[in-house]
Structure formats: C-alpha cells, structure tokens
Amino acid sequence: MITINNLTFSYPSSPPLIQDFNLQIDKGMLFGLLGPNGAGKTTLISLISGIQTPQSGEVIIDGRRYPGNKKEIFQNIAVVPQEYAFYEQMTAHENLSFFSHMYPDNRNDRSEQINNAINLTGLEEYQHRFVKHFSGGLKRRLNLAIGLLNKPELLILDEPTTGIDPQSRHFILQAIKDLNKQGTTVLYTSHYMDEIEQLCDDITIMDHGKILVSGTLDQLLHSDSMVYINLESLDNNYNLPVDVKNLLHEHNLTFEDNCISGLLDSRADFYALMNILKAHDLPLESIRYGRQSLESLFFQLTSTHLRDV
Numbered sequence: 001m002i003t004i005n006n007l008t009f010s011y012p013s014s015p016p017l018i019q020d021f022n023l024q025i026d027k028g029m030l031f032g033l034l035g036p037n038g039a040g041k042t043t044l045i046s047l048i049s050g051i052q053t054p055q056s057g058e059v060i061i062d063g064r065r066y067p068g069n070k071k072e073i074f075q076n077i078a079v080v081p082q083e084y085a086f087y088e089q090m091t092a093h094e095n096l097s098f099f100s101h102m103y104p105d106n107r108n109d110r111s112e113q114i115n116n117a118i119n120l121t122g123l124e125e126y127q128h129r130f131v132k133h134f135s136g137g138l139k140r141r142l143n144l145a146i147g148l149l150n151k152p153e154l155l156i157l158d159e160p161t162t163g164i165d166p167q168s169r170h171f172i173l174q175a176i177k178d179l180n181k182q183g184t185t186v187l188y189t190s191h192y193m194d195e196i197e198q199l200c201d202d203i204t205i206m207d208h209g210k211i212l213v214s215g216t217l218d219q220l221l222h223s224d225s226m227v228y229i230n231l232e233s234l235d236n237n238y239n240l241p242v243d244v245k246n247l248l249h250e251h252n253l254t255f256e257d258n259c260i261s262g263l264l265d266s267r268a269d270f271y272a273l274m275n276i277l278k279a280h281d282l283p284l285e286s287i288r289y290g291r292q293s294l295e296s297l298f299f300q301l302t303s304t305h306l307r308d309v
C-alpha cells in the first residue's frame with residue numbers, strides 16, 4: 001500500500017527533518033508510528049499526503065509514485081490531522097455535509113456516508129449541536145468523522161487522541177479497529193504507547209527523522225531483554241573496575257545512581273554480567289531481568305522520556 005524509498009526533507013538552512021527514510025506498509029495493515037513530539041511524525045505524514053514535497057526519495061502509494069499521479073493517489077486517502085479541521089460556528093452535521101461536497105464521486109450516496117461517519121464515531125446525539133460548544137473529545141471525533149467521508153482505502157491519523165476524555169478515546173480507538181477490520185489500511189501515529197500496543201500489527205519507532213527500529217510487537221519485545229541491577233550504596237568516589245566498565249560499554253549498558261540498566265541480547269550476556277559483578281564482590285541490592293515493555297524499549301532507543309504535548 002505504501003512504500004517509502006530514501007525519503008529526505010528539510011526546510012532551507014535547517015537540518016533534515018526526515019533523513020533517508022525507508023518504510024513499507026502493506027495493504028490492510030494497522031501500522032503504528034511511535035515517537036516523541038518533534039520526532040518527525042507529522043512531517044512524514046505531510047510528505048505521504050502530498051502537503052510537502054521531499055528533496056529526495058519517493059513515496060509509492062498503491063503502486064503509484066508521488067509526486068506524479070497526484071489526483072489518482074489522493075482520491076482514496078484521508079488524513080486526520082492533529083489540528084481541528086472544521087468550522088466551529090456550524091453544527092457537526094453541517095460540517096460533514098459541507099466537506100462531503102469535496103468528493104463529487106460520492107454525490108449519490110452522500111447522505112449515507114454522512115450517517116455512517118456519524119454512527120462510527122458516536123456523534124448521533126451531538127450531530128445537530130454547534131461545534132463551538134463541543135468538548136475536546138467530541139471535536140476529535142468530528143475530525144475523524146470528516147476523514148471518513150470519502151470511504152478512504154488509506155486512513156492516516158496524526159495523534160487523534162491527544163488531550164481527550166476516556167469516552168471519546170474509546171470511541172476513536174474502537175472506530176479505528178472497526179475500519180481496519182473492514183479492510184481500511186491505517187497509519188496511526190502517536191506518542192501513547194498503550195494505544196500502539198492495543199491497535200497495531202506492526203510498529204516503527206522513530207526520532208529525529210530516522211527509523212530506530214521496526215517490526216511486530218512480539219518481535220520488538222522479544223528481541224532483547226531489559227536488565228536492572230541495583231547495587232548497594234557505593235562511595236561517591238568509587239570507580240567501577242575497568243573490566244566491568246568495558247563489559248557495560250560493549251553492551252551499551254548504563255551505570256547511574258548505583259543502577260546498571262539496558263538491553264541484553266541473550267541470557268548468556270546476562271550471566272556474563274552477573275559473573276563479572278560477582279568476581280569483584282560488588283554488593284547487589286536487587287536484580288530485574290526479562291521481557292521488556294514497549295516503554296522501556298522506547299526509552300532505551302531514544303535515551304529520553306516521552307515528550308508530552
């Protein structure tokens with residue numbers, strides 16, 4: 001459905017926002033793009049949707065290359081942006097009716113498409129209310145409903161649940177699941193890892209315009225194991241033995257506040273670490289080792305906490 005080859009984008013006199021980016025999203029997939037704010041997710045969406053033009057590389061959607069074939073490509077795509085994209089002085093139904101006229105091919109079933117969008121996003125009892133009185137959650141649901149009017153084959157969602165109430169979040173996530181079951185390919189971006197884990201078949205973690213890791217959730221979480229080893233309080237002037245430092249460096253483990261932490265490739269690496277600590281009689285307070293969470297993987301890859309909105 002989507003193939004991205006060697007994509008690069010930057011603004012004049014600025015470092016690249018997207019750097020040599022390669023990605024494959026198959027038809028029918030619910031694909032998660034995870035990264036902190038500023039990772040490049042929104043820029044990537046603007047390139048896929050044709051809002052921005054890359055300096056190099058190409059985007060292929062359903063076998064058609066962009067920037068060529070623009071009309072054919074984008075008639076079956078919908079983008080639901082972070083920003084609200086409707087008129088607050090109109091009702092929800094009036095907004096949907098207005099935006100439905102952007103799709104002349106749907107004129108014969110326009111009313112049906114509006115009703116389907118309303119029902120799927122749970123806006124039935126709110127459809128005739130003025131949007132200016134909507135909560136943030138209802139506005140997010142209307143944003144999604146507008147994106148469904150052209151029955152898109154590819155639906156791109158840019159952090160659609162940011163700052164909303166639990167009920168609206170539930171409606172949106174359930175609507176996305178239902179759409180995907182009906183055959184819609186979904187590209188879902190977020191910095192909420194529980195949503196990505198709940199929804200997505202395949203996941204890419206990106207930061208600073210680059211892919212850090214890609215794969216299924218099981219592949220990502222089983223590929224390595226997290227280790228946390230807390231040492232008993234050491235003297236402030238204490239230096240780890242050289243061979244311990246070398247082993248930590250070899251496996252990209254960190255030592256901070258009397259805690260050794262990071263990802264290990266195998267159980268053998270864990271035993272090697274334990275043996276060298278034992279050989280130096282380093283006092284151990286606690287040990288935790290096993291399958292990592294998506295959150296711990298993210299922190300390890302980016303060396304940062306998620307940057308909230």
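Counted the way full-length UniProt numbering counts, the sequence shown spans residues 1 to 309.
All C-beta atoms in this analysis are idealised placements derived from N, C-alpha and C, irrespective of residue type, glycine included.
Anyone know if the C-beta pair for residue i and residue j falls short of 7 Å?
i	j	result
residue 209	residue 18	yes
residue 79	residue 100	no
residue 161	residue 141	no
residue 189	residue 28	no
residue 114	residue 138	no
residue 35	residue 207	yes
residue 77	residue 154	yes
residue 225	residue 290	yes
residue 146	residue 187	no
Please report the straight-line C-alpha distance between residue i and residue j, rounded to a whole angstrom.
i	j	result
residue 131	residue 84	11 Å
residue 199	residue 30	7 Å
residue 54	residue 41	14 Å
residue 204	residue 58	19 Å
residue 112	residue 171	20 Å
residue 37	residue 191	7 Å
residue 24	residue 129	41 Å
residue 301	residue 254	13 Å
residue 310	residue 245	Because the chain in this structure spans residues 1 to 309, residue 310 falls outside the shown range and cannot be described.
residue 163	residue 237	45 Å
residue 13	residue 86	33 Å
residue 251	residue 241	16 Å
residue 82	residue 276	50 Å
residue 307	residue 158	Its pLDDT being 49, under 50, residue 307 is placed unreliably in this model, and the value from its coordinates should be taken loosely. Cα to Cα, residue 307 sits roughly 16 Å from residue 158.
residue 125	residue 195	26 Å
residue 98	residue 148	13 Å
residue 282	residue 239	11 Å
residue 143	residue 261	42 Å
residue 123	residue 263	45 Å
residue 331	residue 66	Look at the range of the chain in this structure, 1 to 309, and you will see that residue 331 is not part of it.
residue 56	residue 2	17 Å
residue 15	residue 167	40 Å
residue 267	residue 249	17 Å
residue 272	residue 256	20 Å
residue 175	residue 152	14 Å
residue 391	residue 278	Lying outside 1 to 309, the shown extent of the chain, residue 391 is not represented and no answer is given.
Can you give me the Cβ contacts of residue i inside the same chain, cut-off strictly under 6 Å, excluding the 5 residues immediately before and after it?
i	result
residue 127	92, 93, 118
residue 103	150
residue 169	161
residue 182	none
residue 33	41, 189, 204
residue 288	228
residue 88	131, 132
residue 305	Reliability fails at residue 305, whose pLDDT of 46 lies under 50, so the model's placement of it is uncertain and the value that follows must be treated cautiously. Nothing listed; no residue qualifies.
Let me check you understand the geometry: is the CB of residue i closer than 6 Å to at least one non-hydrogen atom of the ligand SAH?
i	result
residue 213	The ligand SAH is absent from the structure shown, which contains no ligand whatsoever.
Near residue i, which residues of its chain fall below 8 Å by C-beta distance, leaving aside the five closest residues on each side in sequence?
i	result
residue 233	258
residue 43	9, 17, 18, 52, 209
residue 74	49, 50
residue 109	none
residue 211	21, 22, 23, 204, 205
residue 63	none
residue 383	The structure shown does not extend to residue 383, since the chain is modelled only from 1 through 309, so no value can be given for it.
Considering only residues of the same chain and omitting the five flanking positions on each side of residue i, which have a CB-CB separation below 7 Å?
i	result
residue 230	258, 259, 285, 286
residue 197	217, 294
residue 193	34, 294, 295, 298
residue 136	163, 164
residue 269	251
Is there a Cβ of chain C sitting closer than 7 Å to that of residue i, yes or no?
i	result
residue 186	Looking at the structure shown, chain C is missing, and only one protein chain is on hand.
Would you list, in sequence order, the uninterrupted beta strand (DSSP E) runs of no fewer than 3 residues that lie entirely inside the stretch 258–286? 259–264
Could you tell me which whole beta strand (DSSP E) segments of length 3 or greater appear in the stretch 33–87? 56–61, 64–66, 77–80
Enumerate, from N- to C-terminal direction, the unbroken alpha helix (DSSP H) stretches of 4 or more residues contained entirely within the stretch 126–150. 136–147
Tell me the start and end of each unbroken alpha helix (DSSP H) in the stretch 205–263 that is at least 4 residues and wholly inside, in chain order. 217–222, 242–250
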